[in-house]
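Have a look at the structure below before the remarks.
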Amino acid sequence: MSQEHTLDPNNLPKDPAKSTLEGKHKFLGLWFFLGGETVLFSCFFATYLALKNSTAGGPTSQDLFGLELVFIMTILLLTSSLTSVYAIYHMKNYDFKKMQLWFGITALLGLAFLGFEIYEFYHYITDYGFTFRSSAFGSAFYTLVGFHGGHVVFGLSWLIALMVRNARRGITLKNASKFNTFSLYWHFIDVVWVFIFTVVYLMGMVS
Amino acid sequence: MTENTSMSKLNSYQNHKSKEEMKHQVITFALMIIFTLIAFYAVAVDMDKIFVIPLILILAIVQVGFQFYYFMHMKDKGHELVALLIFGGIWVAAVAILTFTTIIWW
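Going down the list, the protein sequences come from chains P and Y. To convert, note that position 49 of the first sequence is 49 in our numbering; the numbers rise steadily by one, no gaps. To convert, note that position 53 of the second sequence is 260 in our numbering; the numbers rise steadily by one, no gaps.
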């Protein structure tokens, strides 16, 4: 292992995630990616806004959406954002166990969110016959919300892989930046959800 | 020995600073929850459309600002390039949404 990855307990770097050049590059690389993700999601949002009234005689947003379910999902994802902030706080204090604990809670909240989303889609398909092929509105809705759900799946896989892979290693200057980039990605998923619950669900329910 | 003392002093300063930061994060979270509640409430009580839509959009934008600047630390030093990347993304996003909502209307 190279010199820069060895930790001296008397001289711990203030921010382990950005104390190596590799860590700095990972940090900037992730933000570059998030800039691209912003463009990607904005195109899905734009498509949805353009096609949300093209229901082709099928169910409309007012027929489908319910406030309770979306509210629960929103609280779950918002809370998981805070728990990952706690995890990073403990990472900066080099408390590996607490970091793992808070990331574990983050993963559970993410899984619960995903469970509700699967239930929601199942409910639309079986009770309303509202599918990806129902109308232009259906395609735009499932593409936007489903792609966000796909990001949650990817984020959960990423987090679980990180936690398992580093379970016995503790915090090093090599993996600190990996945990940090994950938490930034997870916050970004929450950012996208804030616009989804506002633009898709809330605006869809206002008559 | 003196070196150790100054080190622990420095550490306690760091700890104090990160505790302070954590407090801000929790306040940010509380505000985000309150904004969410207001947005859902405004839709649930069926207020006027002309009033509700701008209100919930503004609440969403402020909430996302909190997420970026506090949770994702964009308020900290050394985030100039980050801001350039994300605002570049937001600029393209704005143009895309403007285009799709004004050119396509059928």
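Think of the CB as a built atom: it goes at the ideal place given N, C-alpha and C, for glycine as much as any other residue. Note that the coordinates shown come from a computational prediction; the quantities given were computed from them, not determined experimentally.
Counted within 10 angstroms of its Cβ, other Cβ atoms place G296(Y) as buried (16 or more) or exposed: Position 89 of the second sequence holds residue 296(Y). Result: buried.
Does F258(Y) get closer than 7 Å to chain P when you measure Cβ to Cβ? Numbered from its first residue, the second sequence carries residue 258(Y) at position 51. Taking Cβ atoms only, chain P never reaches closer than 7 Å to F258(Y), which makes this a no.
Are the CB atoms of F211(P) and Y142(P) nearer to each other than 7 Å? Since the displayed chain P opens at 1 and closes at 207, residue 211(P) lies outside it and no answer follows.
Are the CB atoms of K70(P) and F197(P) nearer to each other than 7 Å? Translated into the one-based positions of the first sequence, residue 70(P) becomes position 70. Translated into the one-based positions of the first sequence, residue 197(P) becomes position 197. The sequence shown places Val at residue 70(P), rather than the Lys named in the question. Yes, they are a contact pair.
On the three-state DSSP scale, how would you describe V299(Y)? Within the second sequence, residue 299(Y) is the residue found at index 92, counting from 1. Note: V299(Y) maps to helix in three-state DSSP.
Looking at the secondary structure, which residues open and close the alpha helix (DSSP H) in which L21(P) lies? What you label residue 21(P) is simply residue 21 of the first sequence in a count that begins at 1. From DSSP, the alpha helix (DSSP H) with L21(P) extends over L21 to L51.
Identify, in the order they occur along the chain, each residue of the same chain with its Cβ nearer than 7 Å to the Cβ of Y124(P), setting aside the five sequence neighbours on each side. Stepping through the first sequence from its first residue, residue 124(P) is reached at position 124. Taken in chain order, the residues that qualify are L64 and F130.
Can you list the alpha helix (DSSP H) stretches of 4 or more residues lying completely in the region 90-159 of chain P, in chain order? 96-128
Indicate the three-state DSSP secondary structure (helix, strand or coil) for H286(Y) in the structure shown. Counting from 1 along the second sequence, the entry for residue 286(Y) is found at position 79. Coil.
What does G35(P) reach in chain Y if we use C-beta pairs closer than 7 Å? Translated into the one-based positions of the first sequence, residue 35(P) becomes position 35. Simply L292, I293, G295 and G296.
Are the C-beta of T209(Y) and some C-beta of chain P separated by less than 7 Å? If you number the second sequence from 1, residue 209(Y) lands on position 2. Per-residue confidence for T209(Y) stands at a pLDDT of 47, beneath the threshold of 50, marking its modelled position as unreliable; no derived number is given.
If I measure Cβ to Cβ from G208(P) and keep anything under 7 Å in the same chain, skipping five residues before and after, which residues do I get? Here chain P comprises residues numbered 1 to 207, so residue 208(P) is not present and cannot be evaluated.
Under 8 Å, CB to CB, which of the residues in the region 145-171 of chain P have a partner in chain Y? none
Selection from G204(P), G146(P), S183(P) and P16(P) that minimises the alpha carbon distance to L30(P): In the first sequence, the residue the question calls residue 30(P) occupies position 30. Among G204(P), G146(P), S183(P) and P16(P), the Cα nearest to that of L30(P) belongs to S183(P).
Whose C-alpha, out of A267(Y), V299(Y), L288(Y) and I310(Y), is nearest the C-alpha of M239(Y)? Here residue 239(Y) is taken as the residue at index 32 of the second sequence, counted from 1. Here the closest residue by C-alpha is A267(Y).
Label L291(Y) either buried or exposed according to how many other C-beta atoms from any shown protein chain fall within 10 Å of its C-beta, with 16 as the threshold for buried. Here residue 291(Y) refers to the residue found at position 84 of the second sequence. Classification of L291(Y): exposed, given that the 10 Å Cβ count is below 16.
Spatial neighbours of T308(Y) within its chain, please: C-beta separation below 6 Å, excluding the five flanking residues on both sides. As a first step, residue 308(Y) is located in the second sequence; it is residue number 101 there, counting from the start. Nothing meets the Cβ criterion.
Name, going along the chain, the residues of the region 237-259 of chain Y whose beta-carbon falls closer than 7 Å to a beta-carbon of chain P. M239, I240, T243, A246, F247, V250, A251, K256 and V259
What's the gap between the Cα of A251(Y) and the Cα of I245(Y)? Translated into the one-based positions of the second sequence, residue 251(Y) becomes position 44. Translated into the one-based positions of the second sequence, residue 245(Y) becomes position 38. Distance between the alpha carbons of A251(Y) and I245(Y): 10 Å.
Going along the chain, which residues of the region 176-203 of chain P sit with their C-beta nearer than 7 Å to a C-beta in chain Y? L184, H187, D190, V191, V194, F195, T198, L202 and M203
N- and C-terminal bounds of the alpha helix (DSSP H) containing Q274(Y): Mapped onto the second sequence, residue 274(Y) falls at position 67. No alpha helix (DSSP H) contains Q274(Y), which DSSP labels as neither H nor E.
DSSP three-state call for M1(P): helix, strand or coil? Reading the first sequence from its first residue, position 1 is the one you call residue 1(P). Any reading at M1(P) needs caution, since the residue's pLDDT is 46, under 50, leaving its predicted position unreliable; the model's value is listed next. M1(P): coil per DSSP, three-state reduction.
F65(P): first and last residue of the uninterrupted alpha helix (DSSP H) it sits in: Residue 65(P) sits at position 65 when you count from the first residue of the first sequence. No alpha helix (DSSP H) holds F65(P); DSSP gives it neither H nor E.
To be precise: take each residue of the region 256-280 of chain Y, compare its Cβ to all Cβ atoms of chain P, and keep it if any distance is under 8 Å. Which residues remain? K256, V259, I260, I263, L264, L266, A267, Q270, V271, Q274, F275, F278 and M279
Quick check: the Cα distance between L78(P) and S54(P), rounded to an integer number of angstroms? If you number the first sequence from 1, residue 78(P) lands on position 78. If you number the first sequence from 1, residue 54(P) lands on position 54. If you take the alpha carbons of L78(P) and S54(P), they lie about 31 Å apart.
Can you give me the C-alpha to C-alpha distance between V289(Y) and L28(P), rounded to a whole angstrom? As a working note, residue 289(Y) is residue 82 in the second sequence. As a working note, residue 28(P) is residue 28 in the first sequence. Cα to Cα, V289(Y) sits roughly 7 Å from L28(P).
Where L173(P) falls: helix, strand or coil (DSSP): Along the first sequence, one-based indexing puts residue 173(P) at 173. Three-state DSSP puts L173(P) in coil, outside helix and strand.
Starting from the C-beta of A136(P), find all residues in its chain whose C-beta is less than 6 Å away, skip the five residues before and the five after it, and write them out in chain order. Mapped onto the first sequence, residue 136(P) falls at position 136. Contacts found: L51 and S54.
Whole-angstrom Cβ separation of W193(P) and T83(P), contact assumed at under 8 Å? The count along the first sequence starts at 1 and reaches residue 193(P) at position 193. The count along the first sequence starts at 1 and reaches residue 83(P) at position 83. That belief does not hold up - the Cβ atoms of W193(P) and T83(P) are roughly 15 Å apart, past 8 Å.
Between the alpha carbons of P16(P) and F44(P), how many angstroms are there, rounded? Locating residue 16(P) in the first sequence gives position 16, counting from the first residue. Locating residue 44(P) in the first sequence gives position 44, counting from the first residue. Each residue's alpha carbon lies about 36 Å from the other.
Nearest neighbour of I234(Y), chosen from V199(P), S42(P), V85(P) and G23(P) [CA to CA]: Stepping through the second sequence from its first residue, residue 234(Y) is reached at position 27. With distances taken between Cα atoms, I234(Y) lies closest to V85(P).
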